[in-house]
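Participant: Once you've had a glance at the structure underneath, I'll fire off some questions.
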Amino acid sequence: MATRKGAIGDDSIIRVPVGGEHDGTDCLAAAEDAAETVDVVAVGSTGVDALAPLVLATHDGATAFLFNCTAERTRAALEALEGGSLPDAAATVEHDPGTTDLPTPPKTNGSAALGVGSRRVLAGCGWRAPTSVADYRAARDGDLVVESAAPDPDATRERIGDAALRGRGRGDGSTDAPISAAWTTASETDGEPVVVVNGNEADDHARADRLLLESAPLAVLDSALATAHAIDATDVVVYVNDAETLARRRAQEAADALADDRDLDVSIGVVAGPDAYTAGEMTMALEALEGNDRLEARRRPPGPAQYGLHGRPTVIHTPRTFAQIEQVLGDENLGGVPRDPGTRLFTVAGDVDAPATIELPTDATLDDARGAVALDGGFKTACVGGRFGGLARDLDVPASAPGLRGARLGTNGVIELFGESTCSVALAGRRAKLAREENCGRCVPCREGSKQLVDLLRDVYDGEYQAGMLRELARTMRETSTCEFGEEASRPVTTAMEAFEPEFRAHADGRCPSGTCDGLST
Amino acid sequence: MSTDPIWENSRATDADVPLTEDIAPGTANDPPAGSTAGATVTIDGQAVETEAGATLLDACETVETDGEVLALCSYDDEELIGPRSECRTCMVETEEHGVVPSCSFPAEEGMTVETGAAAASEARDVNLDLLLSNHNLLCTTCGANGRCDLQDVAIQNDVVEPRYGVMHDRSELEPIDDSSPFIQIDRNKCILCNRCVEACNDVQVEGVLRMEGSGEDTRIGFQNGADTMMESTCVSCGHCATVCPTGSLVEQGLVDATTLPVPGFTHKNSAEEIVGEDYEGQPGQMTPMKREHSTENEPRANAESTVEGDD
Chain A
8 MATRKGAIGD
18 DSIIRVPVGG
28 EHDGTDCLAA
38 AEDAAETVDV
48 VAVGSTGVDA
58 LAPLVLATHD
68 GATAFLFNCT
78 AERTRAALEA
88 LEGGSLPDAA
98 ATVEHDPGTT
108 DLPTPPKTNG
118 SAALGVGSRR
128 VLAGCGWRAP
138 TSVADYRAAR
148 DGDLVVESAA
158 PDPDATRERI
168 GDAALRGRGR
178 GDGSTDAPIS
188 AAWTTASETD
198 GEPVVVVNGN
208 EADDHARADR
218 LLLESAPLAV
228 LDSALATAHA
238 IDATDVVVYV
248 NDAETLARRR
258 AQEAADALAD
268 DRDLDVSIGV
278 VAGPDAYTAG
288 EMTMALEALE
298 GNDRLEARRR
308 PPGPAQYGLH
318 GRPTVIHTPR
328 TFAQIEQVLG
338 DENLGGVPRD
348 PGTRLFTVAG
358 DVDAPATIEL
368 PTDATLDDAR
378 GAVALDGGFK
388 TACVGGRFGG
398 LARDLDVPAS
408 APGLRGARLG
418 TNGVIELFGE
428 STCSVALAGR
438 RAKLAREENC
448 GRCVPCREGS
458 KQLVDLLRDV
468 YDGEYQAGML
478 RELARTMRET
488 STCEFGEEAS
498 RPVTTAMEAF
508 EPEFRAHADG
518 RCPSGTCDGL
528 ST
Chain B
31 MSTDPIWENS
41 RATDADVPLT
51 EDIAPGTAND
61 PPAGSTAGAT
71 VTIDGQAVET
81 EAGATLLDAC
91 ETVETDGEVL
101 ALCSYDDEEL
111 IGPRSECRTC
121 MVETEEHGVV
131 PSCSFPAEEG
141 MTVETGAAAA
151 SEARDVNLDL
161 LLSNHNLLCT
171 TCGANGRCDL
181 QDVAIQNDVV
191 EPRYGVMHDR
201 SELEPIDDSS
211 PFIQIDRNKC
221 ILCNRCVEAC
231 NDVQVEGVLR
241 MEGSGEDTRI
251 GFQNGADTMM
261 ESTCVSCGHC
271 ATVCPTGSLV
281 EQGLVDATTL
291 PVPGFTHKNS
301 AEEIVGEDYE
311 GQPGQMTPMK
321 REHSTENEPR
331 ANAESTVEGD
341 D
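Just so you know, the sequences run in chain order A and B.
Residue numbers for the first sequence follow our numbering, beginning at 8 and rising by one.
Residue numbers for the second sequence follow our numbering, beginning at 31 and rising by one.
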């Protein structure tokens with residue numbers, strides 16, 4: 008389905024998204040069937056589910072946006088293009104005919120999500136053919152990142168160090184920390200270094216890595232190759248979920264396309280791992296890649312930079328981090344706050360019409376993300392940071408790692424919005440149960456702690472709210488667990504206690520203020 | 031037994047010892063623990079010289095510490111076992127890295143450790159109580175009473191009433207595996223320290239025991255998928271029982287060795303159910319499963335042995 012045929016600079020073209028939640032495969036077939044002179048190219052999703060499938064009909068420097076497109080409308084649009092005119096559409100945008108970035112329609116009739124934040128690493132999503140090196144080169148003024156980075160590894164490492172770029176996402180080897188330290192360690196450790204692209208994420212709400220692998224895999228792989236040269240690694244391994252067949256296929260096609268384009272002296276492999284939440288943790292990712300039939304977190308220190316895949320020095324980053332590396336090595340002005348430069352990707356989900364993955368510069372606030380979705384009912388709370396994120400009453404929080412951490416929220420790029428009927432005690436309890444059920448079982452604070460956490464919350468429903476015990480347990484889990492799973496597992500509970508203390512007391516008194524908890528009166 | 035053909039044959043042929051790559055203990059490929067070079071570290075204000083490979087626990091053990099560094103799951107007698115760093119009752123506070131597990135944290139030059147710091151001491155207390163919360167604390171009918179590391183550290187840490195209670199609901203207890211005439215497994219006392227798995231796989235290279243499951247279902251199981259010890263490929267070497275820090279793996283002869291004479295109250299009726307108590311006599315130490323797969327005992331056709339079997 009995906010094609011290496013480029014989409015950029017084509018004068019009359021119809022772009023059909025394949026990938027994401029509402030796939031445009033039907034539209035693609037319809038368009039390919041009817042096309043005579045107009046080019047039909049499969050692109051990736053834009054990340055905005057409410058508009059998907061978003062078919063784009065371009066003619067002569069103007070593009071018609073066909074939201075929630077059907078096969079019939081695609082055929083009609085194609086016929087219009089064949090006839091030399093644009094189809095009728097909810098939004099039409101004029102742009103430079105050679106533009107390599109998705110033109111953004113004005114914020115009208117439901118398309119607002121595309122205008123939220125700034126689309127930098129997402130610029131090509133939905134616009135460039137995902138595995139076309141020609142499109143990717145066009146966006147980069149001709150040069151791949153690896154071409155300028157390969158000859159001078161020291162300079163590459165220096166630029167990453169100077170940029171103070173931080174790792175993105177829970178599966179990164181340098182989550183929220185400057186990545187250059189891990190690069191230096193890996194390149195100075197004895198052994199053959201390797202680069203791992205960790206795109207494995209089982210949290211259905213954290214979609215940014217999958218979006219990048221489906222819609223912009225070349226930027227991820229190009230910067231992974233540049234990273235490999237910078238640390239003198241011999242190979243790159245891309246690790247994705249078993250269920251995400253399209254992400255896997257696009258990554259493989261992008262790797263093949265790069266290999267066709269130039270002689271690669273670094274090999275790229277694409278490997279699928281389990282669809283389990285634990286499988287995304289950086290050391291369990293390595294365990295899965297090594298073929299272990301049971302996943303548990305590795306003891307540390309030393310971390311993967313010294314002892315990683317098969318004991319080799321390993322730099323492991325998420326696709327989100329590699330997308331930022333492309334910006335740094337491509338001499339883009341990163342923007343954002345100096346302590347966490349660049350942009351961050353967030354999937355806005357929860358009680359919303361449809362989730363949207365958007366990009367915010369780190370000097371924005373999370374409030375800016377609200378415009379990307381329509382919330383059902385009034386806003387009550389947000390869970391920020393994914394499955395084990397923190398609960399917040401408002402979103403007046405910086406979109407940077409230090410800002411999020413300062414607000415005791417999570418940084419895994421998810422903002423779940425919840426309406427007034429959501430009980431925060433029950434929400435925290437559901438997350439505690441997930442922790443109890445899905446932990447790897449290795450260390451006591453996480454394995455046994457999550458059990459006691461659930462029990463202490465159950466005690467609240469039984470009339471006893473032991474805030475001190477809960478805080479002490481949460482503290483121990485956070486500070487003594489082996490990996491980020493246990494470190495973060497108690498966060499929904501502690502942040503809920505902070506933001507909604509009266510609700511905990513009400514439950515202990517037999518009352519659920521939201522009126523949603525069984526057995527308790529409102 | 032100089033005429034025993036077994037020994038002659040097993041030396042002359044590639045005996046049926048499992049290759050290490052066939053062994054699947056279900057545990058992570060952990061990095062080496064300890065420092066890469068000798069160092070001087072400060073433990074509770076006392077300077078300690080350490081050698082290459084030393085952990086902070088090694089350093090703590092050479093001096094009188096302010097706090098009780100329990101380090102329950104740590105095992106010193108065999109290099110191939112641990113540190114697993116599972117129980118997290120060895121946490122200490124460092125100036126450089128905050129609260130860390132001393133059993134596996136490398137002793138790096140210049141580190142300053144405070145064992146009595148409030149955060150570290152709370153962490154050790156809470157983690158010990160978490161261990162006890164999942165332990166069938168019937169010491170009086172336990173074969174490891176008086177020779178139990180968990181009991182020792184609980185006493186050392188002045189535990190009077192564990193904050194999360196102990197496992198007392200009989201309906202939650204797993205049946206005791208009494209199927210083997212040599213070793214009994216009572217998983218209700220297991221703290222998942224993994225010592226037995228490492229003794230079985232890394233020291234004895236037998237490949238019998240493994241870690242299996244995840245979350246609250248994590249347990250010690252068998253690599254051949256058996257439900258009971260008798261159906262496993264165990265050779266009854268007893269190393270697992272030797273390293274077990276609790277009464278979870280006990281030699282059959284010692285199961286009631288330290289039971290206090292309370293009428294009508296025994297180790298076996300402490301758990302609801304027993305599996306495998308009706309085993310029929312086992313002539314050798316190998317379980318039938320191991321015997322079936324083993325060729326070591328059978329004279330080989332090409333062996334140059336002139337000695338016939340005794341019977």
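Where a beta carbon is used, it is the ideal one built from N, C-alpha and C, also for glycine.
Counting Cβ pairs closer than 8 Å, one from the region 191-209 of chain B and one from the region 294-306 of chain B, do we hit at least three?
Facilitator: Segments in contact, yes.
Participant: Since residue 166 (chain B) is in the alpha helix (DSSP H), which residue starts that stretch and which ends it?
Facilitator: Taking the first residue of the second sequence as position 1, residue 166 (chain B) is located at position 136. From DSSP, residue 166 (chain B) is part of no alpha helix (DSSP H); its letter is neither H nor E.
Participant: In chain A, which residues lie with their C-beta within 9 Å of the C-beta of residue 248 (chain B)?
Facilitator: Numbered from its first residue, the second sequence carries residue 248 (chain B) at position 218. Chain A residues near residue 248 (chain B): 303, 446, 447, 448, 449 and 454.
Participant: Is it buried or exposed for residue 360 (chain A), if we count other Cβ within 10 angstroms and need 16 for buried?
Facilitator: Counted from its first residue, the first sequence places residue 360 (chain A) at position 353. Label assigned to residue 360 (chain A): exposed.
Participant: Along the region 148-181 of chain B, what residues have a CB closer than 8 Å to any CB found in chain A?
Facilitator: Cβ contacts with chain A come from 149, 152, 153, 156, 157, 160, 161, 163 and 164.
Participant: List, from N- to C-terminal side, the beta strand (DSSP E) runs of 3 residues or more that fit wholly inside the region 145-220 of chain A.
Facilitator: Entirely contained in the region 145-220 of chain A, the beta strand (DSSP E) runs reaching 3 residues are, in chain order, 201-205.
Participant: For residue 258 (chain A), which residues in the same chain have their Cβ closer than 6 Å to its Cβ, ignoring the five residues on either side in sequence?
Facilitator: The residue you call residue 258 (chain A) lines up with position 251 of the first sequence. So the list reads 220, 224, 245 and 277, once near-sequence residues are dropped.
Participant: Counting contacts by CB-CB distance shorter than 8 Å, is residue 117 (chain B) in contact with chain A?
Facilitator: Walking along the second sequence from the start, residue 117 (chain B) turns up at place 87. It does; some Cβ of chain A falls within 8 Å.
Participant: With 7 Å as the C-beta to C-beta threshold (strictly closer), list the residues of the region 197-218 of chain B near chain A in chain order.
Facilitator: Flagged: no residues at all.
Participant: Can you grab the Cα-Cα spacing for the pair residue 53 (chain A) / residue 356 (chain A), in whole Å?
Facilitator: The residue you call residue 53 (chain A) lines up with position 46 of the first sequence. The residue you call residue 356 (chain A) lines up with position 349 of the first sequence. Spanning the two alpha carbons is a distance of roughly 15 Å.
Participant: Report all residues from its chain with a CB closer than 8 Å to the CB of residue 108 (chain A); omit the five preceding and five following residues, and keep chain order.
Facilitator: For this step, residue 108 (chain A) is matched to residue 101 along the first sequence. Once the five neighbours on either side are set aside, the close Cβ partners of residue 108 (chain A) are 126, 130, 131, 134 and 146.
Participant: Quick one: residues in its chain with C-beta nearer than 7 Å to the C-beta of residue 189 (chain A), no 5 flanking neighbours on either side, listed in chain order?
Facilitator: Residue 189 (chain A) sits at position 182 when you count from the first residue of the first sequence. 180, 181, 312 and 322.
Participant: On the premise that residue 371 (chain A) lies in contact with residue 406 (chain A), defined as a C-beta separation below 8 Å, what is that separation, rounded to the nearest angstrom?
Facilitator: As a working note, residue 406 (chain A) is residue 399 in the first sequence. As a working note, residue 371 (chain A) is residue 364 in the first sequence. At roughly 5 Å, the Cβ-Cβ gap stays under 8 Å, so residue 406 (chain A) and residue 371 (chain A) are in contact.
Participant: Where does the unbroken beta strand (DSSP E) through residue 456 (chain A) begin, and where does it stop?
Facilitator: Position 449 of the first sequence, counting from 1, holds the residue named residue 456 (chain A). Looking at the DSSP string, residue 456 (chain A) is not in any beta strand (DSSP E); the run it does join, the alpha helix (DSSP H), is 451-468.
Participant: With a CB to CB cut of under 6 Å and the five nearest residues on each side skipped, what residues in its chain are close to residue 305 (chain A)?
Facilitator: Locating residue 305 (chain A) in the first sequence gives position 298, counting from the first residue. The residues are 290.
Participant: Which full runs of the alpha helix (DSSP H) of 4+ residues lie inside the region 364-447 of chain A, going along the chain?
Facilitator: Here the runs fully enclosed are 408-413 and 431-445.
Participant: Measure how close the beta-carbons of residue 118 (chain B) and residue 452 (chain A) come, nearest whole angstrom, since I'm counting them as under 8 Å.
Facilitator: On the second sequence, residue 118 (chain B) is found 88 positions in, with the first residue counted as 1. On the first sequence, residue 452 (chain A) is found 445 positions in, with the first residue counted as 1. Going by Cβ atoms, the distance from residue 118 (chain B) to residue 452 (chain A) rounds to 5 Å, so yes, they are a contact pair.
Participant: Relative to the C-alpha of residue 116 (chain B), which residue among B:280, B:240 and B:223 is closest?
Facilitator: Working through the second sequence from its first residue, we reach residue 116 (chain B) at position 86. Considering only alpha carbons, the answer is B:223.
Participant: Please tell me whether residue 458 (chain A) has its Cβ less than 8 Å away from any Cβ of chain B.
Facilitator: Here residue 458 (chain A) refers to the residue found at position 451 of the first sequence. Chain B, which has a Cβ nearer than 8 Å to the Cβ of residue 458 (chain A), makes this yes.
Participant: Would DSSP call residue 476 (chain A) helix, strand or coil?
Facilitator: Start at 1 with the first residue of the first sequence, and residue 476 (chain A) comes out as number 469. Residue 476 (chain A) falls in the helix class under three-state DSSP.
Participant: Pop quiz: residue 315 (chain A) and residue 293 (chain A) are said to be a contact at Cβ under 8 Å. What is the actual Cβ separation, rounded to whole angstroms?
Facilitator: As a first step, residue 315 (chain A) must be located in the first sequence, where it is residue number 308. As a first step, residue 293 (chain A) must be located in the first sequence, where it is residue number 286. Correct: roughly 6 Å between the Cβ atoms.
Participant: Spell out whether any CB of chain A is found under 8 Å from the CB atom of residue 126 (chain B).
Facilitator: Indexing the second sequence from 1 puts residue 126 (chain B) at position 96. No, residue 126 (chain B) does not count as interfacial toward chain A.
Participant: From the DSSP secondary-structure annotation, give me the bridge partner or partners of residue 251 (chain B).
Facilitator: Within the second sequence, the letter at position 221 stands for residue 251 (chain B). DSSP, once it has assigned bridges, lists B:240 as partnering residue 251 (chain B).
Participant: Note down, in chain order, each residue of its chain lying with its Cβ closer than 6 Å to the Cβ of residue 252 (chain A), except the 5 sequence neighbours on either side.
Facilitator: The residue given as residue 252 (chain A) occupies position 245 in the first sequence. Nothing listed; no residue qualifies.
Participant: Any Cβ of chain A within less than 8 Å of the Cβ of residue 121 (chain B)?
Facilitator: Here the question's residue 121 (chain B) lines up with position 91 in the second sequence. It does; some Cβ of chain A falls within 8 Å.
Participant: Using a Cβ-Cβ cutoff of less than 6 Å, which residues in the same chain neighbour residue 96 (chain B) once the five nearest sequence positions on both sides are dropped?
Facilitator: Taking the first residue of the second sequence as position 1, residue 96 (chain B) is located at position 66. Correct list, in chain order: 74, 145 and 146.
Participant: Taking 8 Å as the threshold (beta carbon to beta carbon), is residue 139 (chain B) in contact with chain A?
Facilitator: In the second sequence, the residue the question calls residue 139 (chain B) occupies position 109. Answer no: the Cβ-Cβ gap between residue 139 (chain B) and chain A never drops below 8 Å.
Participant: What residues in the region 246-275 of chain B bring their beta carbon closer than 9 Å to a beta carbon of chain A?
Facilitator: Cβ contacts with chain A come from 246, 247, 248 and 249.
Participant: Thinking just about the alpha-carbon of each residue, which of B:254, B:85 and B:139 is nearest to the one in residue 54 (chain B)?
Facilitator: Counting from 1 along the second sequence, the entry for residue 54 (chain B) is found at position 24. Closest option to residue 54 (chain B), Cα to Cα, is B:254.
Participant: Against residue 309 (chain A), what residues of chain B qualify as contacts under a CB-to-CB distance less than 7 Å, listed in chain order?
Facilitator: What you label residue 309 (chain A) is simply residue 302 of the first sequence in a count that begins at 1. Going along chain B in sequence order, the residues near residue 309 (chain A) (Cβ under 7 Å) are 61.
Participant: What would DSSP say about residue 96 (chain B), mapped onto helix, strand or coil?
Facilitator: Numbered from 1 along the second sequence, position 66 holds the residue referred to as residue 96 (chain B). Of the three classes helix, strand and coil, the one that applies to residue 96 (chain B) here is coil, per DSSP.
Participant: For residue 318 (chain B), name the three-state secondary structure that DSSP assigns.
Facilitator: As a working note, residue 318 (chain B) is residue 288 in the second sequence. Reduced to three states, the DSSP call for residue 318 (chain B) is helix.
Participant: Express the C-alpha separation of residue 314 (chain B) and residue 341 (chain B) in angstroms, rounding to a whole number.
Facilitator: On the second sequence, position 311 is the one that residue 341 (chain B) refers to. On the second sequence, position 284 is the one that residue 314 (chain B) refers to. Residue placement at residue 341 (chain B) is flagged as unreliable, the pLDDT there being 41, under the threshold of 50; the coordinate-derived value follows with that caveat. Residue 341 (chain B) and residue 314 (chain B): Cα-Cα distance of roughly 15 Å.
Participant: What did DSSP end up calling residue 57 (chain B) once you bin it into helix, strand or coil?
Facilitator: For the purposes of this step, residue 57 (chain B) is identified with residue 27 of the second sequence, where counting begins at 1. Residue state, collapsed to three classes: coil.
Participant: Would you mind reading off the limits of the alpha helix (DSSP H) that contains residue 66 (chain A)?
Facilitator: On the first sequence, position 59 is the one that residue 66 (chain A) refers to. Premise fails: residue 66 (chain A) lies in the beta strand (DSSP E), 62-66, not in any alpha helix (DSSP H).
Participant: Can you tell me which residues form a DSSP beta bridge with residue 71 (chain A)?
Facilitator: Here the question's residue 71 (chain A) lines up with position 64 in the first sequence. Bridge partners of residue 71 (chain A): A:64 and A:99.
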